[in-house]
Structures are given as structure tokens and as C-alpha cells.
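If you count the sequence shown from 1, you need to add 202 to reach my numbering.
C-beta atoms are modelled at their ideal positions from N, C-alpha and C, and glycine is treated no differently.
What follows is a single structure, written as C-alpha cells, with notes after it.
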Amino acid sequence: MQTKGRAPSAEAAYDAKPWLQHYPPDVPATLPPVSESLWDVFEDVVARHGDRPALVFQGYEMTYRTLHGHARRMSDALTRAGVEKGDVVLVLLPNIPHFPVAYYGTLRLGAIVAAIPPTAVEREVERFIRDTDARIVVTLDLLYDKLANVWERCGVQRVVVGKVTDFMPPWVRLAGPFLKRVPKPKQAIPFSREVVPFRYFLGSGREMGRDARVAPEDVALLQYTGGTTGTPKGAMLTHSSLISNAQQMVAWFPTLKEGGETMLAVLPFFHVYGVTLVMNAGLLLAARTVLIASGWAPQEVFEAIRRYRPSIFPGVPTLYVAFLNDERSRRYDLSSIDVCVCGGAPLPAEVKRQFEELTGGHLYEGYGLSEASPCTHAQPYTGFTKPGIG
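Listed below in C-alpha cells is the structure:
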């Protein structure tokens, strides 16, 4: 009981939860604890929305059922390659279909994904491999040159090398080398027993994988963050923390409808912001996710908006500034854009005002950190908002 004239204790203030008075009435105060793994969640979504498009890349769609099949084959192949629960699979990929295939295939085994930036240079790639002790690396032929001189001396046993066209129709795969829009790698890939094509690797398991006993508290992702020292350290993020954060973000915007949203994936999947706000939240919503491999590529972004009419567009302040500064933002119909969450840095009030005026959508600021999977704060979708919290 509080003594008269004495300030309430921190515990009492927390128990009172004064922040709940700022919640919109249709946002729940609590959510049930997570009792599943990310693979379990994925299978639940596939069972309900298997025929819905999960991914769109370069104009080609992949349904949730097809993505699930590829992910199972990936886990089978990883099993044959010796990957077991608790092992790390290093992913060096942009936002292309290979990423979610490798992500879910790894998680099915109870193994751990470590995703690193495609912009990393050779010495950084070597440091990541040594820090994770990864024996399998999944990458793209356009990025193999970053691995060429380091993978063997780091003890990597298998390098799985994809092509941009791997999940496109056969005629595109065949014509790929002759299409000017398909870039060529900097060097020829020396395919061997240890360096294998992604599609060949997918077919190598043949039902060898088995759903592992994965607990919510098991580590799913090693998320590298520079923190305050600048030296990247791997934050150990569990299945429950990643699912919980995605569930919180979905619950925070109750106007979003399961099976009825399209997400624009400009945020990179190697960053936890992209993992949670795009990939995992998109999974919970059974959203159609339009992949933008090269980040802010104006022509590709605006054409994706024109063709696929995204309703969700997560980003960072510099992205929205570039968006507003592009003259196409005045020419294209942007009215489909509804929910945009901005983090990473404070969002200038004028950028928020201009973006919302231009699109008719809502740009909300959030705050987070990699260790928290990552979102910890966000503006409510209705009512009072305070600018500058990002």
C-alpha cells in the first residue's frame, strides 16, 4: 500500500500500466505467450492460405504452398549436408526468393540462420564465418567473389550458389545469360562437390529432413549488430522473441487483414527490421510480399506500386525522403499505400506530413534495437502521436 506523500514505486507504476490509456480501443493490452516455432507458424499459414501468393519477384509469383515445398527441400538438403539442430547456416543474399527458402528450411531443422549484408567486403565475410563457425554458406553468383578466397580457409564445407533466375520459369532460366537485364557475376563459379548450384542443392535431399523438436526458446537467428563499438556482435534471437515481436506489430495495426495485404519489401532481410516487419509480420498476415532485391531502386519501386498496389510499405527516413524527392511520386497513383512503419532514425515531421499528404496513407514512427527483435515502441495508429521517437 502506498504511503501518503511518497512517490509510487517503480514496480507499482509498472503494475498500473499507465501507457494502456493511450492504446486505441481495438488494440489488445496483452497477447498470449508463444508456444510454437517459426516453422510451425509457417505451416499454419500454409494450411490456411496455401494458394495465396507469398512472394513476387521480377514479375513472377510464388504461392505459400510452393514456398513451403522449396523450404522443405532445402531442409532435406541441409540434413544430407550434415546440418543439425543448433548449427549455423550463413546467408549472404539480397531480397530474393532464395532468402525465405533458406530461412524457413534452416529453421525447420532447429538450425540457426545468420544473415549478413551483401555489401560486406571480403574481410568482413571472413569474420562473420569465423564468428558463427558456419559450415554451410548460401549465396548468389553475383556475390561469390566475396567468398572465393576465404571459404576454404574458414572451414566451410559447402557453398550453395544461386542465380537470380532460379525460381523463374524454365525459359527465363535458359535465356538468362542472354538477357541484358540479368547481370553476370564478376567471376566464373568453380562448381564442384563443395561449391554447388542452388537448384541442384535443393534436389539433393530427397525427403531426408525431419521436423526437429524446436522449442520457442531455441535460437532462430544470429542478428549482427554494431552496437556502440562498431564491431558486429551476433544477438541471439529466439523463435518466441521473433514471433512475439511480429505478433505485436500486427496487433498494433488492427485494420490490417489476414490474407488481404500486399507488402513492399525494400527493407533488407539481412537486418532484423526487415525480418520482423516484412518477412515475419508478412507471414502472420499471409501477405503477398513484393521483393525489391537492390534496396532503393526507384524505377522498380514505383513500378511495383503501380502493378501490385501495396498496402504496407515499411522503411527508414532516408527511404521516404528519397521517395518524396523522386518526381515519379507525383505521377504515380499511390493511393493503395496505407500502413508505413518508419524506424532506424528520427523521422522529420515535414517528411511525415508530406508523405501522408501525397499517399493518403499513414506513416508511423517506431523505435527498436536488434536485441529486442527489434521493435519496442511505436506510435498508435489512431489518437495522439508524438513526432521524433524513431
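Leaving out the 5 sequence neighbours to the left and right, which residues in its chain are closer than 6 angstroms to Asp343 when beta-carbon positions are compared?
Val363, Lys365, Pro387 and Ile391
Closest by CA to Asp228, which one among Gly562, Met370, Val480 and Leu458?
Closest by alpha carbon: Leu458.
Under 7 angstroms Cβ to Cβ from Pro517, same chain only, skipping five residues before and after it: list those, please.
For the record, residue 517 in the displayed sequence is Gly; it is not Pro. Result list for Gly517: Val468, Leu469, Cys542 and Cys544, in chain order.
Just how far apart, CA to CA, sit Ala547 and Met410?
45 angstroms
Just grab the DSSP bridge partners of Arg360 for me.
Ile338
Which residues bound the beta strand (DSSP E) around Arg490?
Arg490 to Leu493
Three-state secondary structure assigned by DSSP to Pro399
strand
Are the stretch 436-447 and the stretch 471-480 touching, with three or more C-beta to C-beta distances below 8 angstroms?
yes
Within the continuous beta strand (DSSP E) that includes His564, where are the two ends?
His564 to Gly570
DSSP three-state label for Met410, please.
coil
Have a look at Ala336 and Arg360 and give me their C-alpha separation to the nearest angstrom.
10 angstroms
In the DSSP output, what is Tyr426 paired with across the bridge?
Gly436
I'd like the list of long-range same chain contacts for Ile539, defined as Cβ closer than 6 angstroms, with 5 residues on each side in sequence excluded.
Phe515, Thr561 and Gly563
Around the Cβ of Arg250, are there at least 16 other Cβ atoms within 10 angstroms (buried) or fewer (exposed)?
Answer is exposed; the Cβ neighbour count stays below 16.
May I ask you to report which of helix, strand or coil DSSP gives Ile539?
coil
From the DSSP output, in three-state form, read off Thr464 for me.
strand
Within the same chain, show all residues whose beta-carbon is closer than 7 angstroms to that of Lys287, passing over the 5 residues directly before and after it, in chain order.
Leu311, Gly312, Ala313 and Ala414
Helix, strand or coil, according to DSSP, for Glu238 in the structure here?
coil
In the DSSP output, which residue or residues are listed as bridge partners for Met264?
Leu257
Run the CB neighbour count on Ala218, radius 10 Å, all protein chains shown included, and call it buried at 16 or more, exposed below.
exposed
By how many angstroms is the C-alpha of Leu486 removed from the C-alpha of Leu292?
25 angstroms
Using 7 angstroms as the threshold, is the C-beta distance between Ala279 and Gly357 below it?
no
Ile594: first and last residue of the uninterrupted alpha helix (DSSP H) it sits in
As shown, the chain starts at 203 and ends at 592. That puts residue 594 outside it, with no answer to give.
Between the C-alpha atoms of Thr232 and Thr427, what's the straight-line distance to the nearest angstrom?
29 angstroms
Relative to the C-alpha of Tyr402, which residue among Met276, His473 and Pro299 is closest?
Met276
Mind checking whether Leu466 and Trp498 have CB atoms under 7 angstroms apart?
In this structure, Leu466 keeps its C-beta atom at 7 angstroms or more from the C-beta atom of Trp498.
How would you label Pro576, buried or exposed, when you count the other beta carbons within 10 angstroms and need 16 or more for buried?
buried
Taking the alpha carbon of Ser513 as the reference point, which residue from Phe525, Ser496 and Leu536 has its own alpha carbon closest?
Leu536
Which residue's Cα is closest to the Cα of Arg274: Val421, Val258, Phe369 and Tyr306?
When C-alpha distances from Arg274 are compared across Val421, Val258, Phe369 and Tyr306, the shortest belongs to Tyr306.
So what does Val293 bridge to, in DSSP terms?
Ala317 and Val340
Below 8 angstroms on the Cβ atoms is my guess for Leu294 versus Thr341; work out the distance and round it to an integer in Å.
4 angstroms
Near Leu526, what residues of its chain come up, given a Cβ to Cβ distance below 8 angstroms and the 5 sequence neighbours on each side ignored?
Val553, Gln556, Phe557 and Leu560
Is it right to say Asn351 is buried, meaning 16 or more other beta carbons lie within 10 angstroms of its own, or is it exposed?
exposed
Rounded to the nearest angstrom, what separates Ala316 and Leu309 at their Cα positions?
11 angstroms
Who pairs with Gly585 in a beta bridge, going by DSSP?
DSSP, once it has assigned bridges, lists no residue as partnering Gly585.
Could you check what DSSP says for Val243 in three-state terms: helix, strand or coil?
Three-state DSSP puts Val243 in a helix.
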